[in-house]
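Chemist: Protein chains in written order, with numbering that gives the first Met the number 0: chain S, 0 to 185; chain V, 0 to 185. Quick reminder that beta carbons are idealized off the backbone N, C-alpha and C, glycines included. This one's a predicted model, so the numbers in the text were calculated from it and none came from an experiment.
2 protein chains.
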Amino acid sequence: MSSRLFTFAGGESGVWRIARTEAIVGKPIPQAARLDIVPGPVPRSHKAKWLLRGITSNERYVVRSESEQLLAKQPSLGRPEATCAALIPVRKNSSWWNLPQDERRQIFEEQSKHVHLGLQYLPAIARRLHHCRDLSENEPFDFLTWFEYAPSNETAFNELVAELRASPEWKYVDREVDIRLIREPA
Amino acid sequence: MSSRLFTFAGGESGVWRIARTEAIVGKPIPQAARLDIVPGPVPRSHKAKWLLRGITSNERYVVRSESEQLLAKQPSLGRPEATCAALIPVRKNSSWWNLPQDERRQIFEEQSKHVHLGLQYLPAIARRLHHCRDLSENEPFDFLTWFEYAPSNETAFNELVAELRASPEWKYVDREVDIRLIREPA
Chain S
0 MSSRLFTFAG GESGVWRIAR TEAIVGKPIP QAARLDIVPG PVPRSHKAKW LLRGITSNER
60 YVVRSESEQL LAKQPSLGRP EATCAALIPV RKNSSWWNLP QDERRQIFEE QSKHVHLGLQ
120 YLPAIARRLH HCRDLSENEP FDFLTWFEYA PSNETAFNEL VAELRASPEW KYVDREVDIR
180 LIREPA
Chain V
0 MSSRLFTFAG GESGVWRIAR TEAIVGKPIP QAARLDIVPG PVPRSHKAKW LLRGITSNER
60 YVVRSESEQL LAKQPSLGRP EATCAALIPV RKNSSWWNLP QDERRQIFEE QSKHVHLGLQ
120 YLPAIARRLH HCRDLSENEP FDFLTWFEYA PSNETAFNEL VAELRASPEW KYVDREVDIR
180 LIREPA
């Protein structure tokens with residue numbers, strides 16, 4: 000069975016060089032030079048400036064038609080040309096989590112067009128979503144999203160992120176960090 | 000902040016005496032004499048025959064109207080007269096988890112009337128749902144549901160459980176254990 004749990008370790012090692020770490024809203028995270036992505040848990044002895052964990056899981060909002068469009072268009076991680084990446088940890092506030100399922104879906108898609116927007120940028124941008132909120136009681140973020148794209152698609156990626164940040168869904172985001180990376184084995 | 004994570008420890012201690020442990024489908028769990036419910040994680044040194052962990056989380060299927068009815072009718076845990084309890088760990092198969100959100104909701108409520116059935120038994124039966132699936136990669140169950148009721152409502156509780164087990168939703172259940180308990184401080 001392939002791993003569902005991933006640990007993102009910011010420190011001195013890893014094939015991804017951290018080019019920029021920006022706190023978009025809320026508390027920043029420490030600066031680090033490189034990112035190591037470890038399938039599974041990481042031993043406590045791991046030398047890192049920060050460790051963020053997340054687990055891939057079932058879909059929470061997409062309906063059948065959206066799921067099929069995503070499956071048909073989305074590329075896999077690890078494409079040779081995708082030498083740019085972004086790790087975007089996000090936390091939503093309790094107003095979001097206290098909403099019933101139908102109202103979260105309404106904000107996510109009917110108001111914010113989260114899937115519809117994302118589909119416009121496929122197959123350029125590969126993505127893996129990791130959930131953190133229910134790993135323990137006190138995770139620093141609710142989600143970690145990992146994106147990979149070619150340098151020629153960086154402008155498109157910035158557009159996508161800007162559109163999402165301007166959406167009604169993002170009114171519920173109370174912490175977000177934007178980490179940009181370049182694949183550059185040491 | 001009150002705890003979202005709970006550990007259910009089957010062993011020799013705890014105010015709940017285990018009256019019966021029955022594997023409904025799939026692998027059984029070891030017999031134990033008593034149940035201790037510990038808010039938060041449990042140290043590795045804890046003496047138990049089995050440990051099951053779960054975390055309370057946001058609602059996954061209920062819509063606003065259902066949520067409001069549940070809030071209005073559901074009793075809290077710990078009522079003095081509620082000396083009977085049940086702990087029902089459940090795991091669903093990958094066919095369930097691979098369904099998109101709208102189809103899981105459809106099976107959960109429109110086909111199986113999960114909330115509608117549960118509402119018929121309020122305020123007699125108190126309930127707390129704990130999620131396990133995303134605590135780690137290899138949890139033995141997806142959900143732990145804890146129920147409390149008075150002895151006079153045991154027949155009603157058995158009816159509720161039988162109705163749910165006969166529903167289309169339960170076709171996706173590949174492991175279920177039914178543990179019945181009586182509050183009886185040692």
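What are the start and end residues of the alpha helix (DSSP H) that includes V/Asp101?
Modeler: Start and end: Gln100 to Arg104.
Chemist: Just the C-alpha distance for V/Phe5 and S/Arg52, rounded to the nearest angstrom, thanks.
Modeler: Distance between the alpha carbons of V/Phe5 and S/Arg52 is about 20 Å.
Chemist: If you measure from the beta carbon of V/Pro100 to each beta carbon in chain S, is any gap under 8 Å?
Modeler: At residue 100 of chain V the sequence reads Gln, which differs from the Pro that was named. Closer than 8 Å to some Cβ of chain S, the Cβ of V/Gln100 qualifies, so yes.
Chemist: Using C-beta distances below 6 Å, list every residue in its chain close to V/Ile28, excluding the 5 sequence neighbours before and after it, in chain order.
Modeler: Answer for V/Ile28: Trp49 and Val176, listed in chain order.
Chemist: Using the C-alpha atoms, what's the distance from V/Trp95 back to V/Arg103?
Modeler: One C-alpha to the other measures close to 7 Å.
Chemist: Just to confirm my understanding: we take V/Ser93, look at its own chain, exclude 5 residues before and 5 after, and list those with CB closer than 6 Å. What are they?
Modeler: The answer is none, since no qualifying residue turns up.
Chemist: In whole angstroms, give me the CA-to-CA distance for S/Ser12 and S/Asp35.
Modeler: Using only the alpha carbons, I get a separation of about 6 Å.
Chemist: Does the Cβ of V/Arg132 have 16 or more other Cβ atoms within 10 Å, making it buried, or fewer, making it exposed?
Modeler: By the neighbour-count rule (16 or more Cβ atoms within 10 Å), V/Arg132 is buried.
Chemist: Determine which residues of the segment 44 to 68 of chain V have a Cβ less than 8 Å from any Cβ of chain S, and write them out in chain order.
Modeler: Within the segment 44 to 68 of chain V, the residues whose Cβ lies closer than 8 Å to some Cβ of chain S are Ile54, Ser56, Asn57, Glu58, Arg59, Tyr60, Val61, Val62, Arg63, Glu65 and Ser66, listed in chain order.
Chemist: So is V/Trp96 in contact with chain S if we call contact Cβ pairs under 8 Å?
Modeler: Taking Cβ atoms only, chain S reaches closer than 8 Å to V/Trp96, which makes this a yes.
Chemist: Can you give me, in chain order, the residues of the segment 0 to 13 of chain V that have a beta carbon less than 9 Å from any beta carbon in chain S?
Modeler: Residues passing the 9 Å Cβ filter: Met0, Ser2, Arg3 and Leu4.
Chemist: Determine the contact status of S/Ile124 and S/Pro167, defining contact as a CB-CB distance below 8 Å.
Modeler: Contact flag unset, no.
Chemist: From this set, S/Phe140, S/Leu134, S/Thr55 and S/Gln73, which residue's C-alpha is nearest S/Gln119's C-alpha?
Modeler: Of S/Phe140, S/Leu134, S/Thr55 and S/Gln73, the residue nearest in Cα terms is S/Gln73.
Chemist: In angstroms with no decimal places, state the Cα-to-Cα distance between V/Pro122 and V/Val89.
Modeler: When rounded, the distance between both Cα atoms is 23 Å.
Chemist: Between V/His113 and chain S, is any beta-carbon pair separated by less than 8 Å?
Modeler: V/His113 does not count as touching chain S.
Chemist: Of the residues V/Ser56, V/Glu58 and V/Arg33, which one's Cα is nearest the Cα of V/Ala47?
Modeler: The shortest C-alpha separation from V/Ala47 is found at V/Arg33.
Chemist: What residues in the segment 131 to 151 of chain V bring their beta carbon closer than 8 Å to a beta carbon of chain S?
Modeler: Listed in sequence order: Arg132, Asp133, Leu134, Ser135 and Glu136.
Chemist: Are the beta-carbon atoms of V/Tyr60 and V/Glu109 separated by less than 8 Å?
Modeler: No.
Chemist: As an exercise, report each continuous alpha helix (DSSP H) stretch of at least 4 residues that is fully enclosed by the segment 38 to 81 of chain S, in chain order.
Modeler: Within the segment 38 to 81 of chain S, the complete alpha helix (DSSP H) runs of at least 4 residues are 63 to 72.
Chemist: With a threshold of 16 other CB atoms inside 10 Å of the CB of S/Pro99, please say whether the residue is buried or exposed.
Modeler: Burial call: buried.
Chemist: Taking 8 Å as the cut-off, decide whether the C-beta atoms of V/Gly25 and V/Arg174 are in contact.
Modeler: Their beta carbons are under 8 Å apart, which means V/Gly25 touches V/Arg174 by this criterion.
Chemist: If you compare alpha carbons, which of S/His115, S/Glu80, S/Arg126 and S/Ser111 is closest to S/Tyr171?
Modeler: The shortest C-alpha separation from S/Tyr171 is found at S/Ser111.
Chemist: For S/His115, count neighbouring Cβ atoms within 10 angstroms of its own Cβ and tell me buried if that reaches 16, exposed if not.
Modeler: Exposed: under 16 other Cβ atoms inside 10 Å.
Chemist: Reducing DSSP to helix, strand and coil, say where S/Glu108 ends up.
Modeler: Three-state result, S/Glu108: helix.
Chemist: Return the bridge partner residues of V/Glu175 from the DSSP annotation.
Modeler: Looking at the DSSP assignment, V/Glu175 forms a beta bridge with V/Val24 and V/Val89.
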